[in-house]
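Under this note's numbering, the first residue of the sequence shown is numbered 184, with each subsequent residue one higher.
Notes follow once the structure below has been shown.
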Amino acid sequence: MHSRSVEDLPSSRPLFLPLTRLDWAMAAGFLLIAIFRLLYALTLDLLPDEAHYWLWAQHPALSYATKGPVVAWMIGLGTLLFGDSVLGVRIPSVLLSVGTGWLFYRLGQRLFSSRCGVVAAALAALLPIFAVGSVLMTIDSPSVFFWLLAAAWFWEGLENPSPWPWVASGLAVAAGFAAKFVNWFEPLSFALFLLHSRKMRSWLFSTRFLLLLGSASIGLLPFLAWNRAHGGITIAHLLHRGGLHEPFTLQPAEFAKFWIEQALSLSPLAFLALLWAAVAGLRDRSSARPSLFLASLFFPVFLFYAILSLHQAAKANWTVTGVSAALIAAAAYWDDRARRSSWARIFVGAGLILALVETAFLHGLGSGLLGPKDPLLRARGWAQIAEEAERQASLTHPDFWIGNDYAVASEIAFYTHRKEVFVPSFRKQGTQFALWPGYHASPRRRALYISSETEGTVPAELLREFPDARYLGGTWRQWKGRRIEYFRFWLLGGSSENRTDAGHNSSVSPGGGTITSRPGLSSRSRS
């Protein structure tokens with residue numbers, strides 16, 4: 184694989200400013216793709232997590248119970264400009280995808296060649312996890328952008344005598360950490376890369392690397408201050424999500440699940456190609472060692488979650504920051520191999536076709552073949568449920584609304600633009616709802632309860648707050664006639680006068696028959 188030493192590199196091109204015809208062509212391509220993504224984004228309802236982040240944006244803070252503040256801040260800016268709409272929520276992600284695509288291109292260009300930069304950007308547009316992440320407003324969009332930005336500034340610091348790229352790299356780490364906590368792995372990756380080279384090892388103990396660490400630490404300050412004021416709720420959440428709140432036991436099924444989900448999120452052959460290239464990068468003995476640099480960005484994150492998955496499988500997107508670096512390594516490695524080997528060309532071609540098919544399915548082409556397993560169904564039919572909730576409210580005039588979990592409450596709040604939408608008191612613990620004012624149950628106040636729970640009853644804990652529960656009816660969340668999820672509506676009251684135990688907390692199931700509440704019946708929650 185052709186690579187250059189740091190000393191042999193030409194003077195650095197501006198990170199974001201296009202200079203050559205190829206640069207301008209790539210910039211135009213990114214903008215055209217962004218327009219397509221924006222138009223497509225407007226065809227989907229918000230995912231529950233997106234609606235929940237929108238709800239966060241209505242309550243600006245230095246941090247939140249389960250995530251950093253950047254996703255909420257960006258949504259807040261988007262909705263300030265475009266209103267509380269799908270466009271307002273998702274436009275930050277689409278704009279970030281332009282910057283992320285450019286960083287894939289520029290990093291590939293600086294580390295290897297312009298050809299590698301083009302291939303890396305094309306792969307990022309093609310692979311499922313990056314393509315979908317460029318449309319949906321989740322924490323991954325800013326996390327990957329700032330991860331690559333920090334890497335680009337770090338490499339700039341190695342080429343440039345000025346200390347400012349090191350400061351800029353640290354600030355990008357800080358911003359990335361405020362989006363997704365895994366971004367603080369990046370200084371560790373930088374350190375491992377510097378340790379691997381005798382020529383560069385001295386940088387690790389230099390003032391410039393301390394500047395990087397110092398500026399990166401700025402991102403820790405709001406997180407630590409906010410958690411100190413809120414009892415360390417985020418720490419408890421992270422331990423729970425990683426399965427570290429219980430004894431660590433080996434679970435082979437969970438470990439297998441991790442590998443399967445990683446392969447599917449990238450496309451199986453692409454995942455194999457990325458792993459292969461990352462391992463090959465560990466053997467990089469060139470002067471500048473660009474492949475080793477990318478491997479150093481990949482393995483700490485990936486191995487950390489692989490180890491956690493021995494007990495409880497990490498989600499597919501948790502490794503996406505490290506994977507973004509491996510993608511550039513794969514672009515360089517397999518482009519070189521494909522030019523010299525027919526079997527490599529066949530492997531790359533098959534991988535690209537498989538990834539293209541998977542991404543096409545994720546964008547709705549042929550999704551009817553997937554049936555209930557179509558992942559896009561998670562972003563369908565929410566506006567319809569909100570309309571039915573509004574209709575029920577117009578008939579019953581409740582004082583406030585309650586969703587059975589954070590997902591339902593957030594979607595209803597977004598699509599109705601109502602402020603008084605809550606989750607049941609017994610389900611607030613460990614969530615952002617626990618930090619916001621809740622409802623007050625009293626004999627004269629009534630609530631509209633909206634539930635997607637399959638049991639079809641009002642939870643016993645909620646009945647202790649609202650003894651009177653009158654079933655109003657139900658409807659399907661659906662899309663183009665495809666039934667996705669059944670929702671039921673109750674009017675809850677705080678008075679037990681004239682209560683008849685038989686029938687008030689019962690409902691007709693979507694398949695017919697009557698479902699009646701039973702004491703102590705468990706309920707489902709997405710949180």
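Every residue gets a Cβ at the ideal spot worked out from N, C-alpha and C, and that includes glycine.
What you are looking at is a predicted structure, and each value in this text was computed from that prediction instead of being measured.
Residue i - containing beta strand (DSSP E), residue span
i, result
"S524", "Element bounds for S524: n/a, residue is neither H nor E."
"G586", "583 to 586"
N-terminal and C-terminal residue of the alpha helix (DSSP H) that residue i is part of
i, result
"W239", "231 to 240"
"V484", "473 to 491"
"Q445", "435 to 449"
"L214", "204 to 224"
"W336", "323 to 342"
"R273", "269 to 294"
"A308", "297 to 309"
"F265", "253 to 265"
"L227", "Unbroken run through L227: none, as it is neither H nor E."
"V591", "589 to 599"
"R574", "565 to 579"
"L421", "416 to 424"
Cβ separation of residue i and residue j, assumed to be a contact under 8 Å, to the nearest whole Å
i, j, result
"G251", "F406", "7 Å"
"L331", "S448", "Wrong, their Cβ atoms sit about 18 Å apart, outside the cutoff."
"A233", "V277", "For the record, residue 233 in the displayed sequence is Glu; it is not Ala. Wrong, their Cβ atoms sit about 13 Å apart, outside the cutoff."
"M383", "V301", "M383 to V301, Cβ: 28 Å. No contact."
"L618", "H413", "6 Å"
"W349", "L387", "The Cβ separation is near 12 Å, so there is no contact."
"T614", "Y589", "6 Å"
"V315", "R220", "Not confirmed; about 10 Å, so no contact."
"V253", "A361", "4 Å"
"V281", "A217", "5 Å"
"L433", "L491", "Rounded, the Cβ-Cβ distance is 12 Å, inconsistent with contact."
"Y598", "A566", "5 Å"
"L486", "A307", "Actually they do not touch by this definition, with Cβ atoms about 22 Å apart."
"Y669", "G656", "That pair is no contact at about 11 Å."
"A643", "L675", "With a Cβ gap of about 13 Å, A643 and L675 do not count as contacting."
Environment of residue i [buried if 16+ CB atoms lie within 10 Å]
i, result
"R411", "exposed"
"H235", "buried"
"T283", "buried"
"Q612", "exposed"
"P558", "exposed"
"L294", "buried"
"F431", "exposed"
"I529", "exposed"
"G505", "buried"
"I568", "buried"
"S679", "No answer about S679 holds up, because its pLDDT of 45 lies below 50 and its placement is not dependable."
"L477", "buried"
"P127", "Because the chain in this structure spans residues 184 to 710, residue 127 falls outside the shown range and cannot be described."
"R769", "Residue 769 cannot be examined here, being either before or after the span of the chain that is shown, 184 to 710."
"R671", "buried"
"L264", "exposed"
"W207", "exposed"
"L457", "buried"
"H623", "exposed"
"F328", "buried"
"K363", "buried"
"S525", "exposed"
"F199", "exposed"
"I258", "buried"
"E429", "exposed"
"W285", "buried"
"A463", "buried"
"W673", "buried"
"W347", "exposed"
Bridge partner(s) assigned by DSSP for residue i
i, result
"R671", "S634, G657"
"V503", "V503 is not bridged to any residue."
"F605", "I585"
"G676", "R629, D651"
CB contact check: residue i to chain C, cutoff 9 Å
i, result
"R627", "Here chain C cannot be found, since the structure has a single protein chain."
Where are the alpha helix (DSSP H) runs, 4 residues long or more, that stay fully inside the segment 625 to 668, in chain order? 643 to 648
Report the residue ranges of all alpha helix (DSSP H) runs contained in full by the segment 346 to 402; include only those spanning at least 4 residues, in chain order. 347 to 360, 369 to 378, 390 to 400
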